[in-house]
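The block underneath contains the structure these notes are about, expressed in structure tokens.
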Amino acid sequence: MLRAKVIRGVRGAACAPRRGGFTLVEISLAMTVLLVAMMAMSASTIRTHALRRQNHERAMAQNAIRQMSEEIHALADELQAPGAGSWSSDFIAGLSPGGSLGNTFAIGELNAQVGAASVGTITVVLNEAISDDELGVELGMPRDLDSDGQADNADVTGTALILPIIITARWHGVSGDVEIKHPFYVIGY
Numbered sequence: 232m233l234r235a236k237v238i239r240g241v242r243g244a245a246c247a248p249r250r251g252g253f254t255l256v257e258i259s260l261a262m263t264v265l266l267v268a269m270m271a272m273s274a275s276t277i278r279t280h281a282l283r284r285q286n287h288e289r290a291m292a293q294n295a296i297r298q299m300s301e302e303i304h305a306l307a308d309e310l311q312a313p314g315a316g317s318w319s320s321d322f323i324a325g326l327s328p329g330g331s332l333g334n335t336f337a338i339g340e341l342n343a344q345v346g347a348a349s350v351g352t353i354t355v356v357l358n359e360a361i362s363d364d365e366l367g368v369e370l371g372m373p374r375d376l377d378s379d380g381q382a383d384n385a386d387v388t389g390t391a392l393i394l395p396i397i398i399t400a401r402w403h404g405v406s407g408d409v410e411i412k413h414p415f416y417v418i419g420y
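Next up, the structure:
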């Protein structure tokens, strides 16, 4: 006759053999930890993607500004040629709407801010008396742009020997409205 083996506990009382596996509480706790970890990874992935997109947008804008700056410098140098007319008037005409460069430009797949005609704009500062605070950039203004010894002319269109330029890129990106300004000078000699 076979006898069942009785397992005795610590105090000597008989107890049934224990089954292997996990309890419902253990499974629930493991699932909760796993769910929290997956949500954290998902949020991190989404944020990383948004940051990558922001960096891509900013790089596109900076490259477009750099290219436009080079084209502006090339236009200024081209107008230095012998036989050219008034340097500043011709230069300003090239940056006016319908001019060789125009005063606005598109930047790849960036979308203009609400109410703006274009993502990129080019501003030529023609008022010697305007200040850096009014311009919103640091150019050392007011400054004598036409070499007459005073920085008080409101319009130096035909007489300027040095012109402040501000290239601005404004777009609506993944982080909202973004703006980059690049101020510099072109010189007529």
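Numbered per my numbering, the sequence shown spans residues 232 to 420. Beta carbons are placed, not taken as given, at the ideal position from N, Cα and C, and that holds for glycine. As the structure is a prediction and not an experimental result, all values here were calculated from the model.
The continuous stretches of alpha helix (DSSP H) do not include residue 407, which lies in the beta strand (DSSP E) extending over residues 407 to 418.
With a contact defined as Cβ atoms closer than 8 angstroms, residue 355 and residue 323 qualify at about 6 angstroms. In this structure, residue 397 sits near residue 366, with a CB-CB distance shorter than 8 angstroms. Taking a 10 Å sphere around the C-beta of residue 275, we find fewer than 16 other C-beta atoms and assign the residue as exposed. Taking the CA atoms as reference points, residue 288 sits about 14 angstroms from residue 279.
The alpha carbon of residue 345 has as its nearest neighbour, out of 258, 318 and 408, the alpha carbon of 408. The alpha helix (DSSP H) runs of length 4 or more contained entirely in the segment 342 to 390 are, from start to end of the chain, 363 to 366. Between residue 417 and residue 307, the CB-CB gap stays under 8 angstroms. Taking C-beta atoms as the reference points, residue 341 and residue 303 fail to come closer than 8 angstroms.
DSSP places residue 271 in no beta strand (DSSP E) but in the uninterrupted alpha helix (DSSP H) bounded by 255 to 309. CA-CA distance, residue 363 to residue 414, rounds to 11 angstroms. Residue 399 holds the alpha-carbon nearest to the alpha-carbon of residue 368 among 399, 381 and 269. Contact check for residue 320 and residue 389: beta-carbon distance about 5 angstroms, within the 8 angstroms limit, so the pair qualifies. Going by C-alpha positions, residue 271 is about 10 angstroms away from residue 277.
Residue 283 places its beta carbon 8 angstroms or farther from that of residue 347. Across the set 373, 294, 420 and 256, the C-alpha of 294 shows the shortest separation from the C-alpha of residue 337.
As the crow flies, the alpha-carbon of residue 250 is around 16 angstroms from that of residue 258. With contacts defined by Cβ atoms closer than 8 angstroms, residue 383 and residue 359 form a contacting pair.
In the structure shown, residue 337 falls within a coil segment according to DSSP collapsed to helix, strand and coil.
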